Amino acid sequence: PALMRAGFVALANLDIRELARAPLRRLAQGSSFNVGLGVRDRNSMVYIETCEGDSMIGLRLFAGSRVPLVTSAMGRAYLAGLPADERAEVLAQIKPSFGEAWPAIEEQVNAAVKSVEAHGFCLSIGGWRSEINGVGAPIRTGDGKLFAINLGGPAYVLRAETLTGDFGPRLAETAREIEKALAFN
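Here it is as structure tokens:
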């Protein structure tokens, strides 16, 4: 059932996948890192499109891969893209499963929201996995759908300064490019 659900998610989002593929590929090739497009499925983000850079070391995520909603860069970007009331509902549903870790996670999600508002992107520094850092940005469609894109890789290469100063702005620009393409489609 989970595999079928992922397949239906991917099929339902063919238009955005087609429009996003070229900008995502350019960013992946220009950065050498994994770049992906995802959509929310419950408490996860499901990749519906991925592009690999030419680095010998990468994440190797593919369409159908899942990352957590509240700890991954893609998930945090998605949450930041939600209206405040919807975000509060989602977080209230997720909160019980994190127990004592919740205050720190909630603080990181709130920081992601502020970062997206100020810069168009947010970070996950070891949030999903300690050895992985990433940057994410939301994509809003004209018909009210919400997606997110991310760029991620090994923490020893993708330091917070590099993500904030270089790849974050590039990712935010790619997200806006995809939004414009969707508006004209």
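Quick note: the sequence shown uses this note's numbering, first residue 1, plus one each step. Note that the Cβ used here is the ideal one computed from N, Cα and C, for glycine as well. It should be emphasised that the depicted structure is a prediction, and the values quoted were computed from it without experimental measurement.
Subject >> Inter-residue Cα distance where the pair is Gly136 and Leu171 >> reply: For Gly136 and Leu171, the distance between alpha carbons rounds to 7 Å.
Original post:
In terms of residues, what are the limits of the beta strand (DSSP E) holding Asn34?
Top reply: Segment 34–41, the beta strand (DSSP E) holding Asn34.
Original post:
In angstroms, rounded to a whole number, what distance separates the CA positions of Gly36 and Ser97?
Top reply: If I take the Cα positions, the gap works out to 26 Å.
Subject >> Reference Pro83; option with closest CA among Arg140, Ala183, Gln29 >> reply: Selected option, being the one with the closest Cα: Arg140.
Original post:
Anyone know if the C-beta pair for Pro68 and Asn43 falls short of 8 Å?
Top reply: Against a cut-off of 8 Å, the Cβ pair of Asn43 and Pro68 comes out as a contact.
Original post:
Where Arg66 and Asn133 are concerned, what is the direct C-alpha to C-alpha distance, given to the nearest angstrom?
Top reply: About 16 Å.
**OP:** Just grab the DSSP bridge partners of Tyr78 for me.
**Re:** Listed as beta-bridge partners of Tyr78 by DSSP are no residues whatsoever.
**OP:** Report, in whole angstroms, the separation of the C-beta atoms of Gly127 and Ala175, which I expect to be a contact under 8 Å.
**Re:** Actually they are not in contact, since the Cβ atoms of Gly127 and Ala175 sit about 20 Å apart, beyond 8 Å.
Original post:
If we call anything under 8 Å between Cβ atoms a contact, is Gly152 one with Ala73?
Top reply: Taking 8 Å as the cut-off, the beta carbon of Gly152 is found closer than this to the beta carbon of Ala73.
Original post:
Are the beta-carbon atoms belonging to Asp54 and Gln93 less than 8 Å from one another?
Top reply: No.
Subject >> Buried/exposed call for Val70, threshold 16 Cβ in 10 Å >> reply: Counting the other Cβ atoms within 10 Å of the Cβ of Val70 gives 16 or more, which makes it buried.
Original post:
In the DSSP assignment, what are the bridge partners of Asn150?
Top reply: In the DSSP output, where bridge partners are listed per residue, Asn150 has Gly36, Gly136.
**OP:** Check each candidate in Glu106, Ala183, Ser115 and name the one with the smallest Cα separation from Pro169.
**Re:** Comparing Cα-Cα distances from Pro169 to each of Glu106, Ala183, Ser115, the minimum goes to Ser115.
Original post:
Which two residues bound the contiguous beta strand (DSSP E) that contains Pro169?
Top reply: First-last for Pro169: 168–183, but that is the alpha helix (DSSP H), not the beta strand (DSSP E).
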